[in-house]
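Take a look at the structure set out below.
Protein chains: 2
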Amino acid sequence: MALAQAIMTSLLDADLSGSELARDFEKSMGFFWQASHQQIYQELRKLSQKGWLNKREVNQTGKPNKILYGLTLAGRKALADWVYGPTRVQPTKDELLLKLYNLSEENAEHLIGEITQRREEVMQRLYLYETIRRRHYADPAALPVRHKGVYLALESGIHQGEQFLAWCDQALELLATV
Amino acid sequence: MALAQAIMTSLLDADLSGSELARDFEKSMGFFWQASHQQIYQELRKLSQKGWLNKREVNQTGKPNKILYGLTLAGRKALADWVYGPTRVQPTKDELLLKLYNLSEENAEHLIGEITQRREEVMQRLYLYETIRRRHYADPAALPVRHKGVYLALESGIHQGEQFLAWCDQALELLATV
DNA sequence: AGGTGCATGTAAAAAGTTACATGATTTG
DNA sequence: CAAATCATGTAACTTTTTACATGCACCT
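Keeping their order, the protein sequence lines are chains X and Y.
Okay, so the first sequence: first residue is 1 according to full-length UniProt numbering, each after it adds one.
Okay, so the second sequence: first residue is 1 according to full-length UniProt numbering, each after it adds one.
In structure tokens form, the structure reads like this:
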């Protein structure tokens with residue numbers, strides 16, 4: 001969909017290798033963009049061929065060599081232009097909600113378990129985001145322009161998480177009566 | 001991912017044709033599951049071959065014939081069992097948040113426009129959901145078991161929407177200072 | 001009779017997932 | 001030296017999207 005731009009955006013601040021990008025996607029960008037390392041390596045190759053990225057090998061002590069990718073001028077230009085193009089959303093697909101459509105006396109207990117587990121997962125994620133917010137975005141209005149955007153994306157993730165926790169509580173309450 | 005189950009779930013209450021299913025997916029299930037009519041027709045064929053759905057042709061006055069699909073006993077069984085299996089989530093991919101990572105003085109105005117537009121879209125969707133809630137789910141605790149689950153899914157959509165509106169306001173406020 | 005909308009599909013391409021492969025380097 | 005981990009990939013498969021195709025029936 002826009003994996004190319006997601007990768008290039010990750011490279012705005014620093015040059016990264018494929019595996020570093022993969023780890024990054026799981027963390028900071030993870031709540032609104034995901035990509036496996038296999039996808040990333042393939043896309044990196046394409047972007048290099050297009051001339052939007054350059055690469056250089058870096059020797060590491062104690063680890064195998066890695067290949068760092070960085071934005072070229074053409075890459076930065078392409079990314080900046082992309083912002084003005086059409087925007088697509090690929091909404092969530094959540095099997096848990098689908099399962100709820102199949103709620104019965106039989107499976108209620110099982111679904112309560114699943115919701116409880118998800119609540120836990122989301123709470124941990126939320127804790128991570130809150131930590132980042134406190135550490136880096138204590139005073140949003142004072143941030144440099146681009147970081148304001150990053151902050152807003154983070155806020156979106158936090159809002160989403162909090163909303164989900166509230167929903168879990170409501171769901172568990174109603175399911176308790178089944 | 002679980003398109004088969006999404007389709008079968010839609011057929012729990014009534015037999016539907018391919019195009020009716022496609023319309024349904026845009027509406028009620030749309031906020032947590034999406035599928036194009038092309039996908040649906042292919043999946044319907046597979047499910048019929050598996051013996052989970054049966055089909056019958058219906059003549060219509062003023063319209064071409066349609067083919068109604070309904071759950072077989074085997075289909076209902078398979079769906080009920082599926083609930084106990086592993087649950088996957090495919091989180092949102094949203095280009096708008098990715099674009100925000102690229103915020104600059106240059107493009108701030110454009111992004112304000114995009115957010116405003118999205119806010120409008122979500123508000124209309126939310127209005128639809130609220131209408132459904134008022135009409136069919138005024139007294140959740142009194143609902144038959146399965147409908148409690150449907151109600152909770154709807155609630156999730158409403159929460160999400162409200163959360164998004166709040167985020168938009170916060171974003172627009174911060175962006176106004178860029 | 002020609003245009004429009006509905007219902008049903010097929011085919012090809014793109015995107016994403018799953019499974020596997022390889023070399024290098026620390027660690028036990 | 002065997003096992004574990006990291007970094008980099010390839011190949012096959014599945015899912016999803018995009019583009020196109022067809023027939024029918026109403027409406028003007």
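Idealized CB from N, CA, C, for every residue including glycine.
In chain X, which residues lie less than 7 Å from Arg88 of chain Y when you measure between Cβ atoms?
-> Glu95
Counting Cβ pairs closer than 8 Å, one from the stretch 92-101 of chain X and one from the stretch 5-24 of chain Y, do we hit at least three?
-> yes
Leaving out five residues before and five after His37 of chain X in sequence, what residues of the same chain have Cβ atoms less than 7 Å from its Cβ?
-> Gly18, Ser19, Ala22
Is the stretch 158-169 of chain X close to the stretch 115-129 of chain X, with three or more CB pairs under 8 Å?
-> yes
N-terminal and C-terminal residue of the beta strand (DSSP E) that Gly75 of chain X is part of | That residue, Gly75 of chain X, is in no beta strand (DSSP E); its alpha helix (DSSP H) goes 73-82.
In angstroms with no decimal places, state the Cα-to-Cα distance between Gln160 of chain X and Gln163 of chain Y.
-> 7 Å
Residues in the UniProt domain "Transcription regulator PadR N-terminal" (12-80) of chain X with C-beta within 9 Å of chain Y's C-beta atoms, listed in sequence order?
-> Leu12, Met29, Gly30, Phe31, Phe32, Trp33, Gln34, Leu79, Ala80
Between the beta-carbon of Leu175 of chain X and the beta-carbon of Ala108 of chain X, is there less than 7 Å?
-> yes
Three-state secondary structure assigned by DSSP to Leu11 of chain Y = coil
Assuming Asp24 of chain X contacts Leu12 of chain X under a Cβ cut-off of 8 Å, what Cβ separation, rounded to an integer in Å, is found between them?
-> Not a contact, Cβ separation roughly 12 Å.
Can you tell me the Cα-Cα spacing of Gly149 of chain Y and Glu105 of chain Y, whole angstroms?
-> 46 Å
Are three or more beta carbon pairs between the stretch 69-77 of chain X and the stretch 42-55 of chain X nearer than 8 Å?
-> yes
Can you tell which of X:Ile112, X:Met123, X:Ala80 has the C-alpha that lies nearest to the C-alpha of Tyr101 of chain Y?
-> X:Ala80
Compare the C-beta of His159 of chain Y against all C-beta atoms of chain X and say whether one is closer than 7 Å.
-> yes
Check Gly70 of chain Y in the structure and name its three-state DSSP category.
-> strand
Cα-Cα separation between Trp33 of chain Y and Asp139 of chain X, rounded to whole angstroms | 37 Å
Taking the DSSP output, what are the residues bridged to Val58 of chain Y?
-> Y:Lys66
Going by DSSP, which residues form a beta bridge with Asp94 of chain X?
-> Y:Val89
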